[in-house]
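Enquirer: Numbering (this note's numbering), first residue to last: 48 to 180.
1) Under DSSP, the alpha helix (DSSP H) around residue 109 begins and ends at which residues?
2) Roughly how many angstroms separate the alpha carbons of residue 106 and residue 75, rounded to a whole number?
3) Does the distance from the C-beta atom of residue 120 to that of residue 133 stay below 8 Å?
4) For residue 165, tell me which candidate among 138, 174, 111 and 56 has the shortest Cα-Cα distance.
5) Could you check where the alpha helix (DSSP H) with residue 193 kicks off and where it finishes?
6) Assuming residue 156 and residue 167 are in contact, meaning their beta carbons sit under 8 Å apart, how far apart are those beta carbons, in whole angstroms?
7) Of all the options 129, 144, 70 and 163, which has the alpha carbon lying nearest to the alpha carbon of residue 118?
8) Between residue 114 and residue 141, is the Cβ-Cβ spacing less than 8 Å?
9) Where does residue 170 sit, in a helix, a strand or coil, going by DSSP?
10) Please report how far the alpha carbon of residue 175 lies from the alpha carbon of residue 63, in whole angstroms.
11) My output table needs one value for residue 124: the three-state DSSP class, helix, strand or coil.
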């Protein structure tokens with residue numbers, strides 16, 4: 048009888064911290080769902096505001112899909128051996144990007160990596176803008 052009472056007492060003492068932990072986790076989840084994420088929303092507003100000032104033209108979704116489709120058709124396949132690469136495919140892709148995205152091509156700083164790779168850097172319109180990626 049004493050052994051059964053000890054066991055029930057142990058289960059009771061173990062269940063109290065477990066219930067407290069579950070309650071704490073539930074309260075934290077509820078707080079996350081109900082309170083707005085001000086840091087995220089402020090950051091999102093800053094990005095949206097900067098984008099609205101920099102780009103005010105409507106986006107033609109159909110044309111964007113067409114350009115994406117065309118860009119994906121270039122067979123720019125990198126291999127370990129540079130002699131096996133099709134340099135003309137890379138050159139054609141670079142020309143496609145310059146033709147279809149002239150503003151980006153004009154404003155981007157191209158960084159030569161000494162290969163067919165294309166690496167560009169765009170400066171922010173404002174020195175106060177942070178790097179996004």
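All C-beta atoms in this analysis are idealised placements derived from N, C-alpha and C, irrespective of residue type, glycine included.
Here the structure is a predicted model, which is why all the values come from computation and not from measurement.
Expert: With the given structure in hand:
1) Here residue 109 corresponds to residue number 62 of the chain shown, with the count starting at 1. 108-119 is the span of the alpha helix (DSSP H), which, as asked, contains residue 109.
2) Counting from one through the chain shown, the residue named residue 106 turns up at place 59. Counting from one through the chain shown, the residue named residue 75 turns up at place 28. Using only the alpha carbons, I get a separation of about 40 Å.
3) Against the chain shown, residue 120 aligns to sequence position 73. Against the chain shown, residue 133 aligns to sequence position 86. It is not a contact, given that the beta carbons lie outside the stated cut-off.
4) Taking the first residue of the chain shown as position 1, residue 165 is located at position 118. Relative to the Cα of residue 165, the nearest Cα in the group 138, 174, 111 and 56 belongs to 138.
5) Only positions 48 to 180 of the chain appear in this structure, which leaves residue 193 out of reach.
6) By one-based count along the chain shown, residue 156 stands at place 109. By one-based count along the chain shown, residue 167 stands at place 120. With 8 Å as the limit, residue 156 and residue 167 qualify as a contact, their Cβ atoms being about 7 Å apart.
7) Reading the chain shown from its first residue, position 71 is the one you call residue 118. Nearest option by C-alpha distance: 144.
8) Reading the chain shown from its first residue, position 67 is the one you call residue 114. Reading the chain shown from its first residue, position 94 is the one you call residue 141. Taking 8 Å as the Cβ cut-off, residue 114 and residue 141 do not qualify as a contacting pair.
9) Mapped onto the chain shown, residue 170 falls at position 123. Residue 170 falls in the coil class under three-state DSSP.
10) Walking along the chain shown from the start, residue 175 turns up at place 128. Walking along the chain shown from the start, residue 63 turns up at place 16. Each residue's Cα considered, the two are about 52 Å apart.
11) Sequence index remark: in the chain shown, residue 124 carries index 77 (1-based). Three-state result, residue 124: coil.
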